[in-house]
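Student:
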Amino acid sequence: MTTKNERPEAMVRGQITQPYHKRVAKRIDDTVVFNFPDGIPAFEDSKRFILAVNDKIKPFFYFKSLDVKGLSFVCIDPFLVCRGYSVKLAAKDQSLLGLKDVNTAFVLALVTVEKDPRNTTANLLAPIVINMENLCGRQVILDENFPVRFNIWAGLEAQDREEHRDTPPATV
Amino acid sequence: MLILTRKSDESIIIGNNIKVKVLKIQGNQVHIGIEAPKDFSIYREEIFEQIRRENANAVQSNIQPAMLEQLESNLTGLKNLLLDQDEKDPARNRH
Numbered sequence: 000m001t002t003k004n005e006r007p008e009a010m011v012r013g014q015i016t017q018p019y020h021k022r023v024a025k026r027i028d029d030t031v032v033f034n035f036p037d038g039i040p041a042f043e044d045s046k047r048f049i050l051a052v053n054d055k056i057k058p059f060f061y062f063k064s065l066d067v068k069g070l071s072f073v074c075i076d077p078f079l080v081c082r083g084y085s086v087k088l089a090a091k092d093q094s095l096l097g098l099k100d101v102n103t104a105f106v107l108a109l110v111t112v113e114k115d116p117r118n119t120t121a122n123l124l125a126p127i128v129i130n131m132e133n134l135c136g137r138q139v140i141l142d143e144n145f146p147v148r149f150n151i152w153a154g155l156e157a158q159d160r161e162e163h164r165d166t167p168p169a170t171v
Numbered sequence: 000m001l002i003l004t005r006k007s008d009e010s011i012i013i014g015n016n017i018k019v020k021v022l023k024i025q026g027n028q029v030h031i032g033i034e035a036p037k038d039f040s041i042y043r044e045e046i047f048e049q050i051r052r053e054n055a056n057a058v059q060s061n062i063q064p065a066m067l068e069q070l071e072s073n074l075t076g077l078k079n080l081l082l083d084q085d086e087k088d089p090a091r092n093r094h
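Protein chains in written order, with numbering that gives the first Met the number 0: chain Y, 0 to 171; chain F, 0 to 94.
What follows is the structure, given as structure tokens:
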């Protein structure tokens, strides 16, 4: 089945399974201001954010508040770290974002960076969703049972093992 | 806190547009139905609190320049794993 055929169905269910990351990332620099009318949980006063692309930490981004001085996060495209990931957007969230087509939604996961990079996690339960048409964003809480602390390292290593399962090891 | 006693199938009204109904009581579980305007967010408290806590954990605001370097170097290992992924999947790079 082609991607084109899958899209109308994805729209009906309000489900995002395809990364929009590549196309959108090109259009983002730190002059693009995203509006979060409700802030994000624990930081409800912060209504405006920017994404700072920094080659040093690519594919991670900095997600910085314009309203609360010094408030910044690290985030990443969750589809990159968890292959089976999908976002089923509730009708309520779609309406709050003014989202007419889920394919214009840009999804990011907030990252909790730990001293040991192997313990760094991504929040897959509550992704940041931005409607790129109107630059409106919110942190949504999904109904699915995704982890709040998804271990990025372990996840990637598991993906890696899966990919090599069919390939015989180079050395025996 | 206002405390009201309700039976199964009884409701309470909050303001003029929110209705909370007790649907079923089963052992120590209560099934609650909520009717509210669609721009109201409704969450299980423990899940909402978990998200608040994790957001607070994820904040990088206290990072001094020296720590920022540390953070960036911590991310490098992960970054390499991710970039490997990307190169394995060239279709993603075309757009």
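From the three backbone atoms N, C-alpha and C, an ideal C-beta is built for every residue, glycine too.
Give me the Cα-Cα distance between K57 (chain Y) and T111 (chain Y), rounded to the nearest whole angstrom.
Tutor: So the two alpha carbons sit approximately 16 Å from each other.
Student: Relative to the C-alpha of V106 (chain Y), which residue among Y:F78, Y:A157, Y:E43 is closest?
Tutor: Per the Cα distances, Y:F78.
Student: Just the chain F side, please: which residues come within less than 9 Å of F186 (chain Y) by C-beta, in chain order?
Tutor: Residue 186 (chain Y) cannot be examined here, being either before or after the span of chain Y that is shown, 0 to 171.
Student: Taking only beta carbons into account, state which residues of the region 81-108 of chain Y come closer than 8 Å to chain F, listed in chain order.
Tutor: Listed by position along the chain: A90, K91, S94, L95.
Student: For L79 (chain Y), which three-state DSSP category applies?
Tutor: Note: L79 (chain Y) maps to helix in three-state DSSP.
Student: Quick check on this structure: which residue in Y:C81, Y:R47, Y:D76 has the alpha carbon closest to the alpha carbon of L70 (chain Y)?
Tutor: Nearest C-alpha to L70 (chain Y): Y:R47.
Student: Measure how close the beta-carbons of V23 (chain Y) and S45 (chain Y) come, nearest whole angstrom, since I'm counting them as under 8 Å.
Tutor: In fact, because the Cβ distance is near 22 Å, the residues do not count as touching under 8 Å.
Student: Closer than 8 Å, CB to CB, is Q49 (chain F) near chain Y or not?
Tutor: Yes, its Cβ sits closer than 8 Å to a Cβ of chain Y.
Student: Nearest chain F C-beta to T1 (chain Y) closer than 8 Å, yes or no?
Tutor: Note that T1 (chain Y) has pLDDT 37, beneath the 50 cutoff, so the model's placement of it is unreliable and the number below is only indicative. Judged by the 8 Å Cβ criterion, T1 (chain Y) is not in contact with chain F.
Student: Taking L141 (chain Y) and V86 (chain Y) to be in contact with their CB atoms under 8 Å, please state how far apart those CB atoms are, rounded to whole angstroms.
Tutor: Contact holds; Cβ gap of about 7 Å.
Student: Taking Cβ-Cβ distances shorter than 9 Å, what residues in chain F pair up with L123 (chain Y)?
Tutor: What L123 (chain Y) touches in chain F: nothing, since even the nearest Cβ is about 11 Å away.
Student: Assign L22 (chain F) to one of three DSSP states: helix, strand, or coil.
Tutor: L22 (chain F): strand per DSSP, three-state reduction.
Student: Mind checking which residues open and close the beta strand (DSSP E) that includes K63 (chain Y)?
Tutor: Counting along the chain, the beta strand (DSSP E) containing K63 (chain Y) begins and ends at 60-64.
Student: Within 10 Å of its beta-carbon, does N53 (chain F) have 16 or more other beta-carbons around it, so buried, or fewer, so exposed?
Tutor: Note on residue identity: the sequence assigns Glu, not Asn, to residue 53 (chain F). Answer is buried; the Cβ neighbour count reaches 16.
Student: Going by DSSP, what residue range makes up the beta strand (DSSP E) through F48 (chain Y)?
Tutor: Per DSSP, F48 (chain Y) belongs to the beta strand (DSSP E) from 47-52.
Student: Closer than 8 Å, CB to CB, is L70 (chain Y) near chain F or not?
Tutor: Yes - at least one Cβ of chain F is within 8 Å of the one on L70 (chain Y).
Student: For the region 40-56 of chain Y, which residues have a CB atom closer than 9 Å to at least one CB atom of chain F, in sequence order?
Tutor: Cβ contacts with chain F: P40, A41, F42, N53, K55, I56.
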